[in-house]
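Engineer:
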Amino acid sequence: MSLSRPLMGILLSCIAVLAFASHDSLAKQLAASNGVLMVLWVRYLSQSLLLAAWQLPRHGWRVLRVNCPGLQLLRGLSLLSISLFFLSALRLLPLAEATAVHFIAPLLVILLAMPLLGERANPGQWLAVGVGFLGVLIIVRPGGGLLTPAMLLPVASATCYALYQLLTRRIGTRDSAGATNLVTGLVGATGMTLLLPLFWQGLPPWPQLLAMASLGVIAVGGHMLLTIAFQYSSPVSLAPFSYLQILFAVLLGLLLFDHAPDSGALLGMGVIALSGLGSAWLQARRHL
389 MSLSRPLMGI
399 LLSCIAVLAF
409 ASHDSLAKQL
419 AASNGVLMVL
429 WVRYLSQSLL
439 LAAWQLPRHG
449 WRVLRVNCPG
459 LQLLRGLSLL
469 SISLFFLSAL
479 RLLPLAEATA
489 VHFIAPLLVI
499 LLAMPLLGER
509 ANPGQWLAVG
519 VGFLGVLIIV
529 RPGGGLLTPA
539 MLLPVASATC
549 YALYQLLTRR
559 IGTRDSAGAT
569 NLVTGLVGAT
579 GMTLLLPLFW
589 QGLPPWPQLL
599 AMASLGVIAV
609 GGHMLLTIAF
619 QYSSPVSLAP
629 FSYLQILFAV
639 LLGLLLFDHA
649 PDSGALLGMG
659 VIALSGLGSA
669 WLQARRHL
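The sequence shown: position 143 = 531 (our numbering), numbered continuously.
1. To the nearest angstrom, how far is the alpha carbon of Gly512 from that of Leu670?
2. Quick test of the definition: if touching needs 3 or more C-beta pairs under 8 Å, does the segment 628–639 touch the segment 437–457?
3. Rank Leu597, Leu399 and Val605 by C-alpha distance to the C-alpha of Ser421 and give the top, closest one.
4. Starting from Glu485, trace the alpha helix (DSSP H) in both directions and tell me its first and last residue.
5. Evaluate the contact criterion for the segment 432–451 versus the segment 654–663: three or more CB pairs, one atom per stretch, below 8 Å.
6. Leaving out five residues before and five after Met396 in sequence, what residues of the same chain have Cβ atoms less than 6 Å from its Cβ?
7. Comparing alpha-carbon positions, which option in Thr556, Ser466 and Ala419 lies nearest Arg479?
8. Would the beta-carbon of Ile526 fall within 9 Å of that of Gly610?
9. Let me know the alpha helix (DSSP H) ranges lying completely inside the segment 412–488, each 4 residues or longer, listed in chain order.
10. Grouping DSSP H, G and I as helix and E and B as strand, with all else coil, what is Gly560?
11. Ala684 and Leu541 look like a contact to me (Cβ under 8 Å); what is the Cβ gap, rounded to whole Å?
12. Rounded to whole angstroms, what's the CA-CA distance from Val405 to Phe636? Just pull it up for me.
13. Decide yes or no for the touch test of the segment 540–559 against the segment 499–511: beta carbon pairs closer than 8 Å, at least 3 of them.
14. Apart from the five residues just before and just after Pro592, which ones in its own chain have a Cβ nearer than 6 Å to its Cβ?
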């Protein structure tokens, strides 16, 4: 018996966020022994080669002729900044807590949409933003062990992710999704290659190198699953299921790193998730 279209969208969305949580846990393990920059360089090379092998035979070199190169460059740099900040956070912070703080990004979109896109938030959305930041404060509460400068790293990654989403919205349909994703990957690969002299100490062992390359495969696969999921269900209806990534991060942190968040951190994660769900619900009501 086949699944209905909405259920298929939900299933694909859940698999995608599991892939993203798995990507982050593997990246955390690899960065501990190889460094953030080396891991990201191999990951972006892998991602770019995979996307090029997919897009170039279908569309040729014209896929790189984009209509808004400035916005595409900024989008690529935003994604690279997300990776740098978040993977640096994972080296210093537990997986679940860093993931939860990163998930204030949808709330930051509400804050930044007004000055950047001229969109106004309603009182309910402002309330969701306030509740989300309360969740962050609960996680980093004094005495909780996470009130350190390192906690600024997932906040920075969330800010860059919010900018990334707004830039994606500005680009819209002016460029194809294939061109946008390929250019974004190439910007990341080029940026990390330019930084190569700063961290080059030779290639890591082949098992480590293959594991780093698999990060690009997992990232592309996760985004492809989300793209297909949006063909079955609307982004608004699928938005709540993205918060399952926090749950997956908790489980993977327990299984792989033997870290269980304390009750305060779990409460903060729940508050952030509820604020995001509330914001998604308000967005859905606006589309009715």
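Backbone N, C-alpha and C define an ideal beta-carbon position, used for all residues, glycine too.
Bear in mind that the values here come from a model prediction, so they are computed numbers and not experimental data.
Structural biologist: This is what the structure holds:
1. For Gly512 and Leu670, the distance between alpha carbons rounds to 7 Å.
2. No: the two stretches stay apart, fewer than three of their Cβ pairs being nearer than 8 Å.
3. If we check each option's Cα against that of Ser421, Leu597 comes out closest.
4. Glu485: member of the alpha helix (DSSP H) spanning Leu483 to His490, first to last residue.
5. Under the three-pair Cβ rule at 8 Å, the segment 432–451 does not count as touching the segment 654–663.
6. Cβ within range, chain order: Tyr620.
7. Considering only alpha carbons, the answer is Ala419.
8. A distance of 9 Å or more separates the beta carbons of Ile526 and Gly610.
9. You should have 424–447 and 457–480.
10. Coil at Gly560, not helix or strand.
11. Not covered by the structure: residue 684. The range shown for the chain is 389 to 676.
12. Within the model, the alpha-carbon separation for Val405 versus Phe636 is close to 8 Å.
13. Three or more beta-carbon pairs drawn from the segment 540–559 and the segment 499–511 are found closer than 8 Å, and the two stretches are therefore classed as touching.
14. If we look at Pro592 and ignore the five residues flanking it on each side, its Cβ neighbours are Asn422.
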